Amino acid sequence: MSMQQNLFALFYLASLWFFLGEAASLQAGPKFVWRGAGRAPQDVKAAGGFLPKGLTAVGEVAPEISLWKHVDVPEEFDEDGNRVGLGSTEDDDGYTSFTSSFFLALGYAFYSRQQDTTWIYRVKTTPNMIDVAKTLGKHNIYSEEDEYAALGGVKWDQIVSWRKVDRSNLQNFSWLWPTRNKDYDATRYSKCRTGGAQYSLAGFPP
Numbered sequence: 001m002s003m004q005q006n007l008f009a010l011f012y013l014a015s016l017w018f019f020l021g022e023a024a025s026l027q028a029g030p031k032f033v034w035r036g037a038g039r040a041p042q043d044v045k046a047a048g049g050f051l052p053k054g055l056t057a058v059g060e061v062a063p064e065i066s067l068w069k070h071v072d073v074p075e076e077f078d079e080d081g082n083r084v085g086l087g088s089t090e091d092d093d094g095y096t097s098f099t100s101s102f103f104l105a106l107g108y109a110f111y112s113r114q115q116d117t118t119w120i121y122r123v124k125t126t127p128n129m130i131d132v133a134k135t136l137g138k139h140n141i142y143s144e145e146d147e148y149a150a151l152g153g154v155k156w157d158q159i160v161s162w163r164k165v166d167r168s169n170l171q172n173f174s175w176l177w178p179t180r181n182k183d184y185d186a187t188r189y190s191k192c193r194t195g196g197a198q199y200s201l202a203g204f205p206p
């Protein structure tokens, strides 16, 4: 990653968190995004939110902020050859992945985690969430994921709610009933939207 790209990301993140409501209101995109995850709410809260790999605080700039490298991960298949999801991103990846589709997040929670209990999180959009499809265009190899990549992660207080997925008893439909996050800061985030396309973060290889 070039020094110029690193500085752009640093100033971009700093301006977002400082002028959050004003900057975000000018952007379009979904009001909320979703994430299927294996971590329980208490663990996400203890971490301060959803952080990119290797970071200890939301808003830090990771060594690698190329969106192209962020999505360039191998697919995973089960023993029968069925696609079950994507592999892991690199340890220095600067983004946390979300989707605008509830059903994609639900599918990820159901099929992509080898544990009995998973969760689906509903998260308020903020301008550090980059529209991957618009940024990468034809180079987005997983366009069906409807991904918004959160540069520097998301804070605990922008998580609106979560739904528990009991994979050992799918017929109880636990994922239909959301649990509200009492720490969600609606006053701070209500006017926010995504950051749209950010071509300076594409990071295509030479």
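Quick note on the UniProt record's numbering: the sequence shown kicks off at 1 and runs consecutively.
Glycine included, C-beta positions come from ideal geometry on N, C-alpha and C.
The model shown is predicted, which means the values in this text are computed figures rather than measured ones.
Cβ neighbour criterion (16 or more within 10 Å) applied to residue i
i, result
"glycine 137", "exposed"
"histidine 70", "buried"
"glutamate 22", "With a pLDDT of only 48 at glutamate 22, under 50, the local geometry of the prediction cannot be trusted, and no value is derived from it."
"asparagine 128", "buried"
DSSP-derived helix/strand/coil call for residue i
i, result
"threonine 118", "strand"
"alanine 150", "strand"
"residue 227", "Absent from the model: residue 227. The displayed extent of the chain is 1 to 206, so no value can be given."
"arginine 167", "coil"
"lysine 124", "strand"
"alanine 133", "helix"
"aspartate 93", "strand"
"tryptophan 177", "coil"
"threonine 99", "strand"
"arginine 188", "helix"
Integer-rounded CB distance, given that residue j should sit under 8 Å from residue i
i, j, result
"aspartate 157", "aspartate 116", "At roughly 29 Å, the Cβ-Cβ gap does not stay under 8 Å, so aspartate 157 and aspartate 116 are not in contact."
"leucine 104", "aspartate 131", "About 15 Å; that fails the 8 Å criterion."
"glycine 153", "threonine 96", "5 Å"
"proline 30", "threonine 194", "7 Å"
"tryptophan 119", "arginine 163", "7 Å"
"lysine 134", "glycine 196", "7 Å"
"glycine 36", "tyrosine 108", "3 Å"
Reference residue i, options the options, closest by Cα
i, options, result
"threonine 99", "Tyr111, Thr118 and Thr125", "Thr125"
"leucine 201", "Gly107, Lys45, Leu151 and Ala105", "Leu151"
"phenylalanine 102", "Trp34, Asp93 and Trp177", "Trp34"
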